[in-house]
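Presented below is the structure to which this report refers.
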Amino acid sequence: MNAKPDLSDLTAFAAIAAHRSFRKAANDLGVSASTLSHIMRTLEANLGVRLLHRTTRSVAPTEIGERLLGRLNPVLRDFDAALQDLEAWRSRPSGTLRINAAEGAVRLLLQTVVPAFFARHPEMALDLVTEARLVDIVAEGFDAGIRIGEAVPRDMVAVRFGGAIRFVAVASPGYLAAHPPPRTPDDLVHHACIRFRLKSGQLFRWEFARHGQELAVDVAGPLTLDHVELMVEAAADGLGIAYVPDRTAQPYLSRGAVVGVLDEWCPKIPGLFLYYPGHRHVPAGLRAFIDVLRHLH
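Those letters in the sequence shown? Residues 846 to 1142, by our numbering.
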């Protein structure tokens, strides 16, 4: 034996013997028939034996070729099975998925998506970080982020979920008994508005729309907070009018602690989006999380 054959040469021999044809084996392996013929000539020369009978119309293993195939085929099957196991392990969701999101988005995930995700993928772990500020998810080591549509960076792949959302203006019945309810957003200048400060330091502008007319109001008021739950609580305590997501306000509205004002000026807007960088490989865990997200929403 002049040189020990490598696995690709033996795979080529097995393919030719299985197909009884250089052309069919070449198509199966993705090479040319002439390349395959050269591989076989080199293999037989290195082994010092003829492995194939060749005629113009047929190809068949020689006796020694049949004996080699008998030992070789189980090895090749085991090799293929090992590669398939490796691919299955590589593509199976595992490890920790890190997601940065606003607190309200995480509350929504915990109600539906997270339990279903863990049920389907028990080898996965989730690290959910809540922040009001918009972070660079790539620079800070997150796999994905979740924000309302207008806050998603344009260079990201975005997956919408959870339906549309609506910001609503609410106040307590006691406050409205002492202060005439506003009829238009311009009337808010006469009210104590509970303002929201973003983590950037900027104050959140209240945006309204009706019949194609849009208004953005820089409201005034003695109280500024940085947490929407506290804003609704403050409104329920009679401290003024708060402008918050309807999901946050709903429990207070249901029990009558607050009532809505300017309802016709509070339209629905595109809701939450999970987003991730499109230029990077998408981890199996993130793909699995997106599948659950789409199925449930």
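The beta carbon of each residue, even a glycine, is placed where N, CA and C say it ideally should be. These numbers were taken from a predicted model, which means no experiment stands behind them.
Could you tell me whether the stretch 1036-1049 touches the stretch 1079-1089, using the rule of 3 or more Cβ pairs below 8 Å?
yes
Please report the straight-line C-alpha distance between asparagine 918 and proline 906, rounded to a whole angstrom.
13 Å
Pull up the CB-CB distance for aspartate 1063 and arginine 1050, whole angstroms please, since I reckon it's below 8 Å.
6 Å
Grab the span of the alpha helix (DSSP H) containing threonine 975 for me, first residue to last.
Where threonine 975 is concerned, there is no enclosing alpha helix (DSSP H), although the beta strand (DSSP E) it sits in stretches over 969-975.
Near arginine 965, what residues of its chain come up, given a Cβ to Cβ distance below 8 Å and the 5 sequence neighbours on each side ignored?
Ala1133 and Val1137
Taking 8 Å as the CB-CB cut-off, is proline 919 touching chain C?
The question asks about chain C, but that chain is absent: this structure has only one protein chain.
Exposed or buried, what is alanine 890 when buried is set at 16 or more other beta-carbons lying within 10 Å of its beta-carbon?
exposed
Inspect the CB distances between the stretch 1112-1126 and the stretch 989-1001 and report whether three or more fall short of 8 Å.
yes
Expressed to the nearest angstrom, what Euclidean distance is found between the alpha-carbon atoms of histidine 1124 and serine 879?
39 Å
Per DSSP, cross-strand counterpart(s) of lysine 1113
Arg1011
Return the residue from the list Ala996, Pro1018 and Val1034 that minimises the CA-CA distance to isoleucine 1114.
Ala996
Roughly how many whole angstroms lie between the Cα atoms of tyrosine 1020 and alanine 1009?
29 Å
Taking buried to mean at least 16 other C-beta atoms within 10 Å of its own C-beta, is serine 1099 buried or exposed?
exposed
Boundaries (first-last residue) of the beta strand (DSSP E) holding histidine 898:
897-899
Pull up the distance between the alpha-carbon of alanine 1102 and that of serine 939, whole angstroms please.
45 Å
Would the beta-carbon of leucine 1195 fall within 8 Å of that of leucine 942?
There is no way to answer for residue 1195, as the model of the chain reaches only from 846 to 1142.
Determine the burial state of isoleucine 909: buried for a count of at least 16 other Cβ atoms within 10 Å of its Cβ, exposed for fewer.
exposed
Let's test the definition: count the other Cβ atoms within 10 Å of the Cβ of glycine 1007 and tell me whether it reaches 16, buried, or not, exposed.
buried
Every unbroken beta strand (DSSP E) within the stretch 1036-1102, with a cutoff of 3 residues, ordered by chain
1038-1041, 1051-1055, 1058-1062 and 1086-1090
Using alpha carbons as the reference points, say which of Asp981, Ala1014, Ser1017 and Glu1078 lies closest to aspartate 1000.
Asp981
How is the beta strand (DSSP E) around arginine 992 delimited, first residue to last?
989-993
For alanine 1094, I'd like the list of residues in its chain whose CB is within less than 6 Å of its CB, leaving aside the five on either flank, ordered along the chain.
Val1013, Val1015 and Val1077
Helix, strand or coil at alanine 905 [DSSP, three-state]
strand
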